[in-house]
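For the protein sequence lines, the chains are A and B, in the order given.
Quick note: the first sequence uses this note's numbering, first residue 27, plus one each step.
Quick note: the second sequence uses this note's numbering, first residue 27, plus one each step.
Protein chains: 2
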Amino acid sequence: MSRENLMPELHPLDIATSLILTGDDTYRGQTTKTYANVIGPYGGITAACLMQAVLIDRRLAGTPVSLTVNLLAAVADGEFDITVKLARSGKYIQHWSVELVQNGRICSNASVITALREAGFDHQSVDAPAIGPHTDFDRSTGVFPLPWLNAYDIRFVEGAPAFASALCTSKLSTRSVQYVSDNPPRPLDYLSLTAIADSFLLRIFNVRAKSTPMGSVSITTHFTGAPEDIAAQGIEPVLGVVDGIRFHGNFHDQNMQIWGRGGKLLATGSQLVWFKN
Amino acid sequence: MSRENLMPELHPLDIATSLILTGDDTYRGQTTKTYANVIGPYGGITAACLMQAVLIDRRLAGTPVSLTVNLLAAVADGEFDITVKLARSGKYIQHWSVELVQNGRICSNASVITALREAGFDHQSVDAPAIGPHTDFDRSTGVFPLPWLNAYDIRFVEGAPAFASALCTSKLSTRSVQYVSDNPPRPLDYLSLTAIADSFLLRIFNVRAKSTPMGSVSITTHFTGAPEDIAAQGIEPVLGVVDGIRFHGNFHDQNMQIWGRGGKLLATGSQLVWFKN
């Protein structure tokens with residue numbers, strides 16, 4: 027029986043990230059069909075599973091400020107184990123090392139940093155993009171046949187991915203601006219924000235005329251949103267801006283910003299993507 | 027006797043990152059005065075020491091594509107040990123986990139990703155900033171009394187850090203554009219690029235009227251420059267662009283791009299900075 031059928035009262039994100047304690051700082055999880063990618067689960071849900079292991083840890087003091095997830099090998103559909111190590115617990119900051127293992131193989135590892143934040147110096151150097159409400163834009167459907175895309179309500183404001191013409195010019199933009207929210211709606215928290223931070227399609231789709239094997243190799247997210255910003259967001263979609271600069275030698279960079287209510291930056295980050303030539 | 031006196035023929039960067047094998051995949055290093063920060067060594071040189079342990083590893087196949095360094099605790103002046111683990115070695119990509127330990131305490135850990143790159147799809151979506159040569163700008167001296175700043179030739183094009191007025195407006199820019207090279211000159215390689223990627227002053231200096239304890243917590247660098255780009259750079263300064271968006275609750279984000287000869291993007295990344303209110 028699938029996990030979705032066993033826990034009908036839970037949101038698909040909570041089902042996909044539910045972990046069962048199996049030993050000292052060790053948990054068992056299971057992939058779900060909702061967040062399936064071409065092979066195995068979508069990277070954002072793997073990131074959320076790793077984050078979840080920290081969020082439910084008894085030693086946690088504070089909220090996430092940084093996450094780097096490295097994707098070492100594809101996660102196969104089925105069960106997996108997650109181990110958590112608290113590498114350092116300081117006065118304000120905790121450093122966690124988390125691993126996802128399947129059949130004895132490390133599929134993913136992550137460093138998570140959590141911290142106590144206090145109000146004080148407050149500055150935002152740029153405004154969020156000035157764009158109408160999400161209801162001004164249509165929900166994107168069927169862009170790519172990836173199951174996990176249905177777990178999100180994505181509305182492109184600009185840069186909807188489409189395979190580029192074979193005559194792609196050298197300065198073709200790779201920028202997309204899009205509203206994103208969980209589908210069905212779910213109030214934002216650090217868990218869902220972790221997954222949403224990887225919900226942008228790989229930038230190479232915007233500039234190359236063909237599709238080849240590709241995937242995120244490392245994803246870094248910095249959580250600039252404080253707990254009160256996250257709570258204030260509720261089920262309102264966040265506004266994501268994503269871009270990449272250089273595509274060369276089988277890799278490209280990808281940077282993103284996620285803006286919330288009141289134009290506050292909730293998260294920003296950078297990822298590295300591998301693609302076959 | 028200081029390391030600098032023991033190895034007079036070497037560049038200060040090579041002295042500071044020289045590691046002695048002390049066991050299976052374990053090395054000993056030592057801090058140097060050249061790269062001293064307020065307390066212990068500057069984060070960029072710690073990053074370079076961690077990278078060095080991978081660069082000299084017998085199992086290495088390829089060149090760096092990604093690095094995330096977490097700074098858990100201050101490194102004290104003196105010796106330290108670095109251990110390297112090859113977590114995964116695939117057909118194209120290797121994942122390394124590296125730790126810097128001092129007196130039994132993990133001071134820093136890193137995930138390094140190296141890869142074989144092949145020429146093929148090539149695209150750059152934006153041009154490097156159009157700016158005159160580095161000789162058009164004066165070398166910055168005495169901005170802040172940090173010893174490691176003398177290990178670089180930094181020439182500000184815009185956004186030279188200076189404590190902001192106490193009347194700092196909410197949208198004050200935190201962007202700086204600067205030429206950077208090793209001082210004395212040294213041909214660019216992945217080792218020096220790793221350090222240079224953290225040579226930008228923390229953005230909060232540009233917007234806050236006072237100085238309090240602060241430091242990088244996590245630094246992620248993606249190396250978009252291929253070996254031929256790095257080799258072509260020689261001793262010519264790279265052009266760095268750095269910015270931050272949100273400063274709130276004791277943390278701020280900081281993003282950077284490093285441009286090389288021919289306007290090619292050599293590296294990009296994001297870091298998270300902690301500051302006391």
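Quick reminder that beta carbons are idealized off the backbone N, C-alpha and C, glycines included.
This one's a predicted model, so the numbers in the text were calculated from it and none came from an experiment.
State the DSSP-derived secondary structure class of residue i, mapped to helix, strand or coil.
i              : result
residue 282(B) : strand
residue 59(B)  : helix
residue 67(A)  : strand
residue 132(B) : strand
residue 212(A) : coil
residue 227(B) : coil
residue 141(B) : strand
residue 162(A) : helix
residue 287(A) : helix
residue 309(B) : Any answer about residue 309(B) is impossible in this case: the structure gives chain B only from 27 up to 303.
residue 52(A)  : strand
residue 31(B)  : helix
residue 232(B) : helix
residue 192(A) : Interpretation of residue 192(A) is limited by its pLDDT of 49, a score under 50 that renders its predicted location unreliable; the figure taken from the coordinates is listed afterwards. Here residue 192(A) sits in coil by DSSP.
What are the start and end residues of the beta strand (DSSP E) that includes residue i?
i              : result
residue 25(B)  : The structure shown does not extend to residue 25(B), since chain B spans only 27 to 303, so no value can be given for it.
residue 148(B) : Careful: residue 148(B) lies outside any beta strand (DSSP E) and carries neither H nor E.
residue 178(A) : 178-184
residue 242(B) : 240-248
residue 175(A) : Neither: residue 175(A) is in no beta strand (DSSP E) and is coded neither H nor E.
Where do the N-terminal and C-terminal ends of the alpha helix (DSSP H) with residue i fall, by residue?
i              : result
residue 45(B)  : Residue 45(B) -> no alpha helix (DSSP H), and no H or E assigned at all.
residue 253(B) : 253-259
residue 220(A) : 216-222
Kindly identify the DSSP beta-bridge partner or partners of residue i.
i              : result
residue 277(A) : 274(A) and 300(A)
residue 122(A) : 112(A) and 138(A)
residue 264(B) : 206(B)
residue 127(B) : 107(B) and 132(B)
Let me check you understand the geometry: is the CB of residue i closer than 7 Å to at least one non-hydrogen atom of the ligand SAH?
i             : result
residue 59(B) : In terms of ligand content, the structure shown is empty, and the ligand SAH therefore cannot be addressed.
Taking only beta-carbon atoms, is residue i less than 8 Å away from chain D?
i              : result
residue 202(A) : Of the chains in the structure shown, none is chain D; the protein chains are A and B.
Got a sec: which bits of the stretch 58-83 of chain B sit with their beta carbon under 7 Å from any beta carbon on chain A, in order along the chain?
none
May I ask you to list, following chain order, the residues of the stretch 210-237 of chain A that have a beta carbon less than 7 Å from some beta carbon of chain B?
233 and 234
Listed from N- to C-terminal order along the chain, which residues in the stretch 147-181 of chain B have their beta-carbon within a distance smaller than 8 Å of any beta-carbon of chain A?
147, 148, 149, 150, 151, 152 and 153
Anything in the stretch 93-117 of chain B with a Cβ closer than 7 Å to a Cβ of chain A? List those residues in chain order, please.
94, 96, 98, 99, 113 and 114
In chain order, what residues of the stretch 242-258 of chain A put their CB closer than 7 Å to some CB of chain B?
243, 244, 246, 248, 250 and 252
Contiguous alpha helix (DSSP H) assignments of at least 4 residues, all confined to the stretch 74-103 of chain A:
none
Listed in chain order, which residues of the stretch 270-295 of chain B have Cβ atoms closer than 8 Å to some Cβ of chain A?
270, 271, 272, 273, 274, 275, 276, 277, 278, 279, 281, 283, 290, 291, 294 and 295
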